[in-house]
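Quick note on the working numbering: the sequence shown kicks off at 188 and runs consecutively.
Ideal Cβ positions, reconstructed from N, Cα and C, are used throughout, including at glycine.
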Amino acid sequence: MFKDFVLKEIPQLPTSHRINNFHVSEVSLHGKSIISASAAVILENPFGLELQIPLLGFSVSLPGCKPLRRLKFANVSTQELTITPNTDVEVQVSAMIESIPNELTDVCPGILLSPMDLFVGTYLLGDPAMVYVTGDALPMDGDSPTWLAKLLHGITFPVLITGHPMDNMIRSFDLSQVSLKLPPPTAHPDSPEALPYMNATVEYHSFAKVKTTLYGGTLGAKGTLRDLPINITNYDVFESVVQELILGNEKPYLEISGNADVDTTTGLGNYVIRDIPISGNIILDHIPDFQSIPLPKLQDILVESTTTQSMVLKLGAIADNPTSWSVAIPYANILLSHQNITLGNATVQNLHISQGKNEMSVTIEWNPMYYGGVAAVGTAERLIGKYISGYNTTLSITMHEQTFPSMPLLSQAFSAFTLPLCTYSALQQIFVYRTHFPMIVSGFSN
């Protein structure tokens, strides 16, 4: 008579591990590009067991969109292994990824993320990410017992991969070839159409993206931002940052936090991994010295219209931009003042400034009485008198809440800055300006 045979206190699989010497490369196998990876996995062994384990093979799968769906994407093998009692075990593991199934990168219904997005995003958030490991049906070599391979093939092990958060992975953030595009004045404030957009070449340090280079233990990468909407949520902080960038001697420290879609190019194809979390403390490098940019050079002046108290001028100018930054401004209006008294305003439309020399047209409405009353008229008379007499004069340029009609909060933030404009004297410019008077200016206050 047989009695029940019960196994008690069976040792559990070790849950604590660390990975050393992790290496990933792209290799050619039978004329086909594959991804190869290797690592040494250190497992704690608190048990008094002594075993000799042959070379084994496994397949690794990720969770699919459906709860019980498993998507195989890698083959893994282990080297022969000797386990000694109460001694940590070092397992040499190698893996090959020959292809990535479309189902792994296709977006799941209802969540706009693929299984690969979910796995990588979970890992980079620092949360445990689940993979499933199943033994191969056939032994890896002639010395491995067939019964062991069949046994392992019938077992799937859920394995939690410890996540690695991206906190403070970005140490510096260089912008170049920056192109800003402001929204049209007809866009309604707070609407998506009222957001400015940016294109740029970005260089990171300690962050992996596209072309990577190792700099003394840190990883450098270079990528491209395309049509990135800029949504400013705190204009008080934005104002202080702009002040440091334009007027300060020290670069401001910033914190970057958000999600990004990453285009990856491998021998297996091109893939997009979506919603990758990115965060870190950064310094903005290679920002142009805006104070060193030369002021536009006046080419000609056209008096378009006059009244007894005002006139409208059309100025043609050449703006020299020595930086790699560019900007497209559909509409902007600024105030002109002298000695803190507003005398008129200037408007640009469909302005495009890129690297090098740029032609620009500015419409100026000169109306001291409207803006500042009799006191402003007196200030304007003295200013124009000095200008015509050949003295260098100064105007101040200030933004206001309607400088960019579709972005009143941004306009208000910039209104804290005043740019002095030192004009050339009339005598110095007399042979440069081509001044056109379409009518006799009669009755204009002098």
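For this session: Sort out for me which residues DSSP pairs I540 with in a bridge.
Result: Along the sequence shown, read from residue 1 onward, the residue named residue 540 stands at position 353. For I540, which the question treats as bridged, DSSP gives the partners V514.
For this session: Give every residue of the same chain whose Cβ lies closer than 7 Å to the Cβ of P315, excluding the five residues on either side of it in the sequence, and list them in chain order.
Result: One-based indexing of the sequence shown puts residue 315 at position 128. Result list for P315: L347, I348, T349, G350, in chain order.
For this session: Using DSSP bridges, identify the partner residues of I298.
Result: The residue labelled residue 298 in the question sits at position 111 within the sequence shown. Paired residue(s): none; I298 is not in a bridge.
For this session: Decide if the stretch 230-248 is in contact with the stretch 316-323; the criterion is three or more beta carbon pairs, one per stretch, under 8 Å apart.
Result: Yes: the two stretches touch, three or more of their Cβ pairs being nearer than 8 Å.
Problem set entry | Under 8 Å between C-beta atoms of T580 and K573 | The count along the sequence shown starts at 1 and reaches residue 580 at position 393. The count along the sequence shown starts at 1 and reaches residue 573 at position 386. Contact flag set, yes.
For this session: Pair every Cβ in the stretch 262-274 with every Cβ in the stretch 226-234, then say whether three or more of these pairs are closer than 8 Å.
Result: A contact is defined here as three or more CB-CB pairs under 8 Å, and the stretch 262-274 meets this definition with respect to the stretch 226-234.
Problem set entry | Buried or exposed by the 16-neighbour rule on C-beta atoms within 10 Å, applied to W553 | Along the sequence shown, one-based indexing puts residue 553 at 366. Classification of W553: buried, given that the 10 Å Cβ count is 16 or more.
For this session: Identify whether R256 lies in helix, strand or coil by the three-state DSSP scheme.
Result: Counting from one through the sequence shown, the residue named residue 256 turns up at place 69. Of the three classes helix, strand and coil, the one that applies to R256 here is coil, per DSSP.
Exercise. Name the DSSP bridge partner or partners of H210?
Worked result: Taking the sequence shown and counting its residues from 1, the one referred to as residue 210 is at position 23. DSSP, once it has assigned bridges, lists S225 as partnering H210.
Exercise. What separation, rounded to the nearest whole angstrom, lies between the Cα atoms of T274 and L230?
Worked result: For the purposes of this step, residue 274 is identified with residue 87 of the sequence shown, where counting begins at 1. For the purposes of this step, residue 230 is identified with residue 43 of the sequence shown, where counting begins at 1. Rounded to whole angstroms, T274 and L230 show a C-alpha spacing of 9 Å.
Exercise. Can you tell which of S223, F209, N208 has its C-alpha closest to the C-alpha of S215?
Worked result: Position 28 of the sequence shown, counted from the start, is the residue given in the question as residue 215. Out of S223, F209, N208, the CA that lies nearest to the CA of S215 is found in S223.
For this session: Compute the beta-carbon to beta-carbon distance between P372 and S593, rounded to the nearest angstrom, for a pair I have assumed lies under 8 Å.
Result: To locate residue 372, count along the sequence shown from 1; it is residue 185. To locate residue 593, count along the sequence shown from 1; it is residue 406. About 6 Å separates the Cβ atoms of P372 and S593, confirming a contact at the 8 Å cut-off.
Problem set entry | Outcome for G403 when other beta-carbon atoms lying within 10 angstroms are tallied against a minimum of 16 | For the purposes of this step, residue 403 is taken as residue 216 along the sequence shown, with counting starting at 1. Its pLDDT being 45, under 50, G403 is placed unreliably in this model, and the coordinates cannot settle the point.
For this session: Since I believe Q279 is in contact with T292 (beta carbons under 8 Å), could you give me their beta-carbon distance rounded to a whole number of angstroms?
Result: Translated into the one-based positions of the sequence shown, residue 292 becomes position 105. Translated into the one-based positions of the sequence shown, residue 279 becomes position 92. Not quite, the Cβ-Cβ distance comes to about 30 Å (not below 8 Å), so this is no contact.
Exercise. Rounded to a whole number of angstroms, what is the C-alpha to C-alpha distance between Q589 and A381?
Worked result: Position 402 of the sequence shown, counted from the first residue, corresponds to residue 589. Position 194 of the sequence shown, counted from the first residue, corresponds to residue 381. Counting only the Cα atoms, A381 lies some 13 Å from Q589.
For this session: Classify I551 as buried or exposed, calling it buried when 16 or more other Cβ atoms lie within 10 Å of its own Cβ.
Result: Looking up residue 551 in the sequence shown gives position 364. Buried, because 16 or more other Cβ atoms sit within 10 Å of the Cβ of I551.
Problem set entry | Q239 - containing beta strand (DSSP E), residue span | Walking along the sequence shown from the start, residue 239 turns up at place 52. Unbroken beta strand (DSSP E) run through Q239: 238-240.
Problem set entry | Cut-off 6 Å between Cβ atoms - residues of its own chain near G559, not counting five sequence neighbours on either side | In the sequence shown, counting from the first residue as 1, residue 559 sits at position 372. Excluding positions up to five away in sequence, the list reads I528, T529.
Exercise. Which stretch, first to last residue, makes up the beta strand (DSSP E) that contains L279?
Worked result: Reading the sequence shown from its first residue, position 92 is the one you call residue 279. The sequence given here has Gln at residue 279, not Leu. Going by DSSP, Q279 is part of the beta strand (DSSP E) stretching over 276-284.
Exercise. Just how far apart, CA to CA, sit N207 and V276?
Worked result: Here the question's residue 207 lines up with position 20 in the sequence shown. Here the question's residue 276 lines up with position 89 in the sequence shown. Each residue's Cα considered, the two are about 13 Å apart.
For this session: Keeping to the same chain, check which residues put their C-beta closer than 7 Å to that of T309; ignore five residues upstream and five downstream.
Result: Mapped onto the sequence shown, residue 309 falls at position 122. Excluding five sequence positions before and after T309, the CB atoms of its chain that fall closer than 7 Å to its own CB belong to A316, G350, given in chain order.
Exercise. Quick one: what does DSSP say I571 is sitting in, helix, strand or coil?
Worked result: As a first step, residue 571 must be located in the sequence shown, where it is residue number 384. Correct three-state label for I571: helix.
For this session: Go to S598, then tell me how far its alpha helix (DSSP H) extends in each direction, as first and last residue.
Result: The count along the sequence shown starts at 1 and reaches residue 598 at position 411. The continuous alpha helix (DSSP H) containing S598 extends over residues 595-601.
Exercise. Sorry if obvious, but does the Cβ on K219 come closer than 7 Å to a heavy atom of the ligand ADP?
Worked result: This structure lacks the ligand ADP; in fact it carries no ligand of any kind.
For this session: Determine, using beta-carbon pairs with one atom in the stretch 501-510 and one in the stretch 480-491, whether at least three such pairs fall under 8 Å.
Result: Taking 8 Å as the limit for Cβ pairs, the verdict is that the stretch 480-491 does touch the stretch 501-510.
Problem set entry | Reduced DSSP category for F425 - H, G, I as helix; E, B as strand; rest coil | Against the sequence shown, residue 425 aligns to sequence position 238. Helix, per DSSP.
Problem set entry | Alpha-carbon to alpha-carbon, N262 and I284 | In the sequence shown, residue 284 corresponds to position 97, counting from 1. In the sequence shown, residue 262 corresponds to position 75, counting from 1. Going from the Cα of I284 to the Cα of N262 covers about 7 Å.
Exercise. With 16 other CB atoms within 10 Å as the buried threshold, where does W512 fall?
Worked result: Stepping through the sequence shown from its first residue, residue 512 is reached at position 325. Answer is buried; the Cβ neighbour count reaches 16.
For this session: Return helix, strand or coil for A381, following the three-state DSSP convention.
Result: In the sequence shown, residue 381 corresponds to position 194, counting from 1. A381 falls in the helix class under three-state DSSP.
Exercise. So, is L570 buried or exposed, given that buried needs 16 or more other C-beta atoms within 10 angstroms?
Worked result: Translated into positions along the sequence shown, residue 570 becomes position 383. By the neighbour-count definition (other C-beta atoms within 10 Å, threshold 16), L570 is a buried residue.
Problem set entry | Proximity winner among H217, H210, R205, relative to V228 (alpha-carbon distances) | Looking up residue 228 in the sequence shown gives position 41. Per the Cα distances, R205.
Exercise. To which residues of the same chain is S583 closer than 6 Å at the C-beta, ignoring the five residues directly before and after it?
Worked result: By one-based count along the sequence shown, residue 583 stands at place 396. In its chain, beyond the 5 residues on either side, S524, T605, P607 have a beta carbon closer than 6 Å to the beta carbon of S583.
For this session: Could you round the C-beta distance between S281 and S225 to whole angstroms and report it? I think they count as a contact, below 8 Å.
Result: Taking the first residue of the sequence shown as position 1, residue 281 is located at position 94. Taking the first residue of the sequence shown as position 1, residue 225 is located at position 38. With 8 Å as the limit, S281 and S225 qualify as a contact, their Cβ atoms being about 5 Å apart.
Exercise. K368 bridges to which residues according to DSSP?
Worked result: Translated into positions along the sequence shown, residue 368 becomes position 181. Bridge pairing for K368: Y384, A515 [DSSP].
For this session: State the start and end residues of the unbroken beta strand (DSSP E) segment that holds V269.
Result: Walking along the sequence shown from the start, residue 269 turns up at place 82. Residue identity check: residue 269 is Thr in the sequence provided, not Val. Counted as a single uninterrupted DSSP element, the beta strand (DSSP E) harbouring T269 occupies residues 268-270.
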